[in-house]
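All remarks here apply to the structure that follows.
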Amino acid sequence: MASEIEAAFDDDPALISYVAAGDPDAESTKEYVRALVRGGADIVELGLPFSEPIAEGSTIQGAIRRALEAGMTPQTYLDLVADLDVDVPLVCMTYYNLIYQYGDDRGVEPFVAAAAEAGIAGLIVPDLPVDESDPLKEACDAHGLDLIFMVAPTTTDDRLDRMLARASGFVYVQGRLGTTGARSDVSDETHVSLDRLDAADLPKAVGFGISEREHAREIVAGGADGVIVGSAFVDIVASQENVADRLEAKARELKAGAVEGAEKVPEPERT
Amino acid sequence: MSSEPKFGDYGGQYVPEALMPAVEELTDAYERYVLKNEDGFVDEFRRRLADFGGRPTPLQRADALSERYDREIYLKREDLLHGGAHKLNNALGQVLLAKYMGKDRIVAETGAGQHGTATAMAAAHLDIDCEIYMGRTDINRQRPNVFRMRIHDAAVNPVEMGSGTLKEAINETMRDWATNVEDTHYVIGSIVGPHPFPQMVRDFQSVISEEAREQIREKAGRLPDSVVACAGGGSNTMGAFHEFVDDEAVDLYAVEAGGSGLTIDEENDLAPHSASLSAGEEGVLHGARTKLLQNPDGQILESHSVSAGLDYSGVGPELAHLVDDDRVTPVNVGDDAALEAFHRLSKLEGIIPALESSHALAYLERAARSVADGSSGEQSEPGDDSADELGDLVVVNVSGRGDKDLDTVIEESDARDIDAAPSMEVFNGGE
Numbered sequence: 001m002a003s004e005i006e007a008a009f010d011d012d013p014a015l016i017s018y019v020a021a022g023d024p025d026a027e028s029t030k031e032y033v034r035a036l037v038r039g040g041a042d043i044v045e046l047g048l049p050f051s052e053p054i055a056e057g058s059t060i061q062g063a064i065r066r067a068l069e070a071g072m073t074p075q076t077y078l079d080l081v082a083d084l085d086v087d088v089p090l091v092c093m094t095y096y097n098l099i100y101q102y103g104d105d106r107g108v109e110p111f112v113a114a115a116a117e118a119g120i121a122g123l124i125v126p127d128l129p130v131d132e133s134d135p136l137k138e139a140c141d142a143h144g145l146d147l148i149f150m151v152a153p154t155t156t157d158d159r160l161d162r163m164l165a166r167a168s169g170f171v172y173v174q175g176r177l178g179t180t181g182a183r184s185d186v187s188d189e190t191h192v193s194l195d196r197l198d199a200a201d202l203p204k205a206v207g208f209g210i211s212e213r214e215h216a217r218e219i220v221a222g223g224a225d226g227v228i229v230g231s232a233f234v235d236i237v238a239s240q241e242n243v244a245d246r247l248e249a250k251a252r253e254l255k256a257g258a259v260e261g262a263e264k265v266p267e268p269e270r271t
Numbered sequence: 272m273s274s275e276p277k278f279g280d281y282g283g284q285y286v287p288e289a290l291m292p293a294v295e296e297l298t299d300a301y302e303r304y305v306l307k308n309e310d311g312f313v314d315e316f317r318r319r320l321a322d323f324g325g326r327p328t329p330l331q332r333a334d335a336l337s338e339r340y341d342r343e344i345y346l347k348r349e350d351l352l353h354g355g356a357h358k359l360n361n362a363l364g365q366v367l368l369a370k371y372m373g374k375d376r377i378v379a380e381t382g383a384g385q386h387g388t389a390t391a392m393a394a395a396h397l398d399i400d401c402e403i404y405m406g407r408t409d410i411n412r413q414r415p416n417v418f419r420m421r422i423h424d425a426a427v428n429p430v431e432m433g434s435g436t437l438k439e440a441i442n443e444t445m446r447d448w449a450t451n452v453e454d455t456h457y458v459i460g461s462i463v464g465p466h467p468f469p470q471m472v473r474d475f476q477s478v479i480s481e482e483a484r485e486q487i488r489e490k491a492g493r494l495p496d497s498v499v500a501c502a503g504g505g506s507n508t509m510g511a512f513h514e515f516v517d518d519e520a521v522d523l524y525a526v527e528a529g530g531s532g533l534t535i536d537e538e539n540d541l542a543p544h545s546a547s548l549s550a551g552e553e554g555v556l557h558g559a560r561t562k563l564l565q566n567p568d569g570q571i572l573e574s575h576s577v578s579a580g581l582d583y584s585g586v587g588p589e590l591a592h593l594v595d596d597d598r599v600t601p602v603n604v605g606d607d608a609a610l611e612a613f614h615r616l617s618k619l620e621g622i623i624p625a626l627e628s629s630h631a632l633a634y635l636e637r638a639a640r641s642v643a644d645g646s647s648g649e650q651s652e653p654g655d656d657s658a659d660e661l662g663d664l665v666v667v668n669v670s671g672r673g674d675k676d677l678d679t680v681i682e683e684s685d686a687r688d689i690d691a692a693p694s695m696e697v698f699n700g701g702e
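Following this line, the structure appears as structure tokens:
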């Protein structure tokens with residue numbers, strides 16, 4: 001049976017939007033998540049801030065720093081999630097040590113149980129490669145959460161097979177090497193990765209560097225089932241100007257691009 | 272021979288997927304070239320360590336210290352290695368390995384600047400592009416090493432985030448590696464990071480204990496009762512310990528930076544020390560499961576030490592494992608005791624030790640002195656501090672020389688009223 005997250009890709013290409021929880025405070029985050037959903041976000045990826053975010057570029061590092069300085073903790077994060085009354089799946093993106101330390105006993109199970117209870121539908125853990133994922137996968141299965149794996153441009157075929165064997169929800173296609181952050185174009189690596197994943201059973205969503213309607217259209221036209229956008233939203237949050245309305249408008253723009261990409265007949269643009 | 276990704280429950284490979292293929296490629300290269308000497312890698316490494324690096328370094332009997340502590344004290348003089356610290360052992364090994372792997376670019380993090388300098392030297396020596404990431408705070412407190420890196424034509428990239436020390440520099444270097452992974456090798460500076468780094472760096476550094484073990488048998492006719500080395504990330508520590516680990520009669524003391532005390536400032540997520548082995552908790556940071564300074568949520572604390580090279584919130588997973596196994600005893604000394612030891616060795620033996628190494632020497636003073644004069648040392652750790660355990664024959668690893676620390680030492684000695692510090696009145700007066 002398809003999970004709640006997988007089902008979010010059913011009707012049309014999905015927009016997965018990221019903000020860091022607690023940037024600049026928990027109440028604002030709730031307002032921003034609702035705005036993103038009004039704008040058409042199908043899944044909201046809510047960052048649980050960790051002090052050493054090695055996969056993030058400077059935009060999201062800034063958001064994480066602001067959230068930590070404002071006092072966001074794993075517990076206040078889960079309280080925030082429990083309070084959110086939106087009708088889309090929520091995915092928690094965080095680093096392994098916070099999952100591992102949660103609760104009185106060290107280990108991943110207490111966090112996964114609490115996250116499921118609060119209403120989290122899936123986890124993305126950028127510093128947890130498939131090789132080290134057995135304990136977390138087991139806990140996620142036990143509590144009905146999807147564990148979402150990231151496929152990089154450098155991922156070998158052998159590693160891809162191992163990931164697909166245990167992935168659920170969707171496959172996170174890292175559109176380019178490096179860290180998160182808005183870029184001005186869609187990389188060739190994105191197209192190569194999508195071709196490699198053609199036969200995968202799960203929806204494929206592309207992240208890293210997407211900020212414009214045109215990017216979303218091109219990526220969906222290239223075979224993606226969804227786009228993941230973070231830094232473009234976080235920039236709006238950081239500006240502190242008319243944030244909710246602008247988040248809604250930006251989500252609407254990106255969602256429209258993704259939908260256009262699906263309507264357009266893919267052309268054989270490369271040989 | 273092959274390699275094992277874990278030391279007990281510690282170690283592992285907790286890095287982003289984008290880096291995993293590079294980590295696998297490196298593991299393969301490590302097993303082939305370093306463990307199996309394919310293409311004569313180890314022979315070339317050893318030859319360059321001798322000709323370029325100046326190995327072997329001496330094991331010197333410290334006459335004044337031996338008298339002071341009423342036992343035989345030997346100093347392993349890694350301060351005499353080219354560059355002035357043990358760091359070259361690893362940097363040369365990894366830069367050479369990068370060449371064997373066909374990489375054309377090196378990145379490295381640095382805290383005190385010793386690893387950055389050693390990497391810049393090795394990269395110049397082997398003609399490969401080199402970029403060093405260094406926290407802003409460290410750039411400001413280790414200027415001479417910044418000059419040295421630049422003079423060797425390495426780019427030095429300041430890291431402005433966080434406290435601007437080693438932890439942030441590692442984060443930023445990992446980001447660079449994740450971006451340029453196809454043509455770049457990350458020369459990590461300690462026995463930390465994902466497998467195979469902890470094991471590989473230890474292997475490159477274990478030349479220290481390989482030599483010391485042979486030298487002490489030659490000079491003293493037997494193995495030492497104990498080996499004492501400072502521990503930040505732990506590369507000089509495991510380098511000094513490795514060949515003695517199976518000699519169960521040899522006690523191994525890892526001396527951590529006690530800073531201004533083993534407390535935690537929960538308000539500011541700050542630990543005024545860098546004693547992960549003594550006071551840390553198990554967690555995952557920078558690619559490995561190890562002992563960390565962290566708050567109960569798992570956020571990493573900012574560490575502190577007067578010695579930039581020990582100022583790190585984690586420690587090598589192998590050391591964490593050996594401590595849990597009771598094979599290595601973790602102890603710690605504070606900033607003031609390290610400064611006293613810096614001046615003591617400079618005056619008594621004519622050797623200016625790095626502030627890092629001064630921690631090992633300060634532990635000697637505390638443990639050996641408290642028996643010699645019947646007093647107990649300050650800042651004692653209950654239970655693990657018996658001087659009898661140091662024994663009659665002690666090897667101390669002088670991991671580096673202290674020229675880089677002179678500005679800090681003069682300033683801090685004055686601010687803290689360190690008894691052993693010489694007066695600098697000579698600068699007063701004049702026109």
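Protein sequence lines correspond, in order, to chains C and P. Just so we're aligned, residue 1 is where the first sequence starts under the numbering used here, counting upward by one. Just so we're aligned, residue 272 is where the second sequence starts under the numbering used here, counting upward by one. For glycine and all other residues, C-beta sits at the position ideal for the given N, C-alpha and C. The model shown is predicted, which means the values in this text are computed figures rather than measured ones.
Test: residue i CB closer than 7 Å to a CB of chain C
{"i": "E649 (chain P)", "result": "Because E649 (chain P) carries a pLDDT of 48, less than 50, the predicted location of this residue cannot be relied on, and the following value inherits that uncertainty. No, no contact with chain C."}
{"i": "Q486 (chain P)", "result": "no"}
{"i": "Y285 (chain P)", "result": "yes"}
{"i": "T408 (chain P)", "result": "no"}
{"i": "G569 (chain P)", "result": "yes"}
{"i": "M291 (chain P)", "result": "yes"}
{"i": "N699 (chain P)", "result": "no"}
{"i": "E296 (chain P)", "result": "no"}
{"i": "R376 (chain P)", "result": "no"}
{"i": "S657 (chain P)", "result": "With a pLDDT of 49 at S657 (chain P), under the threshold of 50, the predicted position of this residue should be treated as unreliable, and no value is reported."}
{"i": "N428 (chain P)", "result": "no"}
{"i": "M471 (chain P)", "result": "no"}
{"i": "M445 (chain P)", "result": "yes"}
{"i": "E302 (chain P)", "result": "no"}
{"i": "E288 (chain P)", "result": "yes"}
Beta-carbon proximity list for residue i, same chain, < 7 Å, skipping 5 on both sides
{"i": "A8 (chain C)", "result": "A14, D42, I43, V88, P89"}
{"i": "Q101 (chain C)", "result": "none"}
{"i": "H396 (chain P)", "result": "F323"}
Reference residue i; option with closest CA among the options
{"i": "D161 (chain C)", "options": "C:A70, C:D131, C:T179, C:D146", "result": "C:D131"}
{"i": "P429 (chain P)", "options": "P:N361, P:A638, P:K347, P:R407", "result": "P:R407"}
{"i": "G354 (chain P)", "options": "P:N699, P:G662, P:M445, P:A625", "result": "P:A625"}
{"i": "A483 (chain P)", "options": "P:P327, P:K370, P:V680", "result": "P:P327"}
{"i": "A638 (chain P)", "options": "P:F515, P:G551, P:V498", "result": "P:V498"}
{"i": "E627 (chain P)", "options": "P:Y524, P:S576, P:G621", "result": "P:S576"}
{"i": "A511 (chain P)", "options": "P:G558, P:H423, P:V667, P:K675", "result": "P:V667"}
Other residues of its chain near residue i: CB distance less than 6 Å, five sequence neighbours each side excluded
{"i": "R166 (chain C)", "result": "K137"}
{"i": "A35 (chain C)", "result": "A244, L247, E248"}
Residue-level contact to chain P via CB, residue i, 7 Å cutoff
{"i": "E248 (chain C)", "result": "no"}
{"i": "T154 (chain C)", "result": "yes"}
{"i": "M72 (chain C)", "result": "no"}
{"i": "V146 (chain C)", "result": "Reading the sequence as shown, one finds Asp at residue 146 (chain C) and not Val. So, not an interface residue."}
{"i": "D131 (chain C)", "result": "yes"}
Close-in-space but distant-in-sequence residues of the same chain around residue i (CB under 8 Å, 5 per side omitted)
{"i": "E6 (chain C)", "result": "D146, S168, G169, F170, L202, P203"}
{"i": "K374 (chain P)", "result": "I399, D454, T455, H456"}
*Mind the definition here: the segment 4-21 of chain C touches the segment 256-265 of chain C only if three or more C-beta pairs lie below 8 Å; say whether that holds.*
yes
*Taking a Cβ distance cut-off of 9 Å, strictly less, list which residues of the segment 532-559 of chain P are near chain C, in chain order.*
D540, E552, E553, G554, V555, L556, H557, G558
*What are the residues of the segment 24-55 of chain C that lie near chain P, defined by any Cβ-Cβ distance shorter than 8 Å?*
F50, S51, E52, P53, I54, A55
*Can at least three beta-carbon pairs, one atom from the segment 177-187 of chain C and one from the segment 296-303 of chain P, be found at a separation below 8 Å?*
no
_Residues in the segment 91-103 of chain C having any Cβ partner in chain P nearer than 9 Å_ = Y95, Y96, N97, L98, I99, Y100, Q101, Y102
*asked:* Assess contact between the segment 493-509 of chain P and the segment 566-582 of chain P, defined as three or more Cβ pairs (one per stretch) separated by less than 8 Å. Is contact present?
replied: yes
*For the 8 Å Cβ check, are there 3 or more pairs between the segment 601-612 of chain P and the segment 460-477 of chain P?*
no
_Touch test, the segment 586-605 of chain P against the segment 69-88 of chain C, Cβ-Cβ under 8 Å, three pairs minimum_ = no
*Give, in chain order, every residue of the segment 221-233 of chain C whose Cβ lies closer than 8 Å to some Cβ of chain P.*
none
*asked:* Does the structure place the segment 341-348 of chain P close enough to the segment 382-402 of chain P that three or more beta carbon pairs sit under 8 Å?
replied: no
*Would you list, in chain order, the members of the segment 173-206 of chain C that have their beta-carbon closer than 8 Å to a beta-carbon of chain P?*
Q174, L177, G178, T179
*Between the segment 104-129 of chain C and chain P, which residues of the former have CB atoms less than 8 Å from a CB of the latter, in chain order?*
R106, P126, D127, L128, P129
*Relative to chain C, which residues along the segment 361-388 of chain P have a C-beta separation below 9 Å, given in chain order?*
none
*State whether the segment 678-692 of chain P contacts the segment 611-618 of chain P, with contact taken as three or more CB pairs (one from each stretch) at a distance under 8 Å.*
yes
*chain C contacts from the segment 507-528 of chain P (Cβ-Cβ distance under 7 Å)*: none
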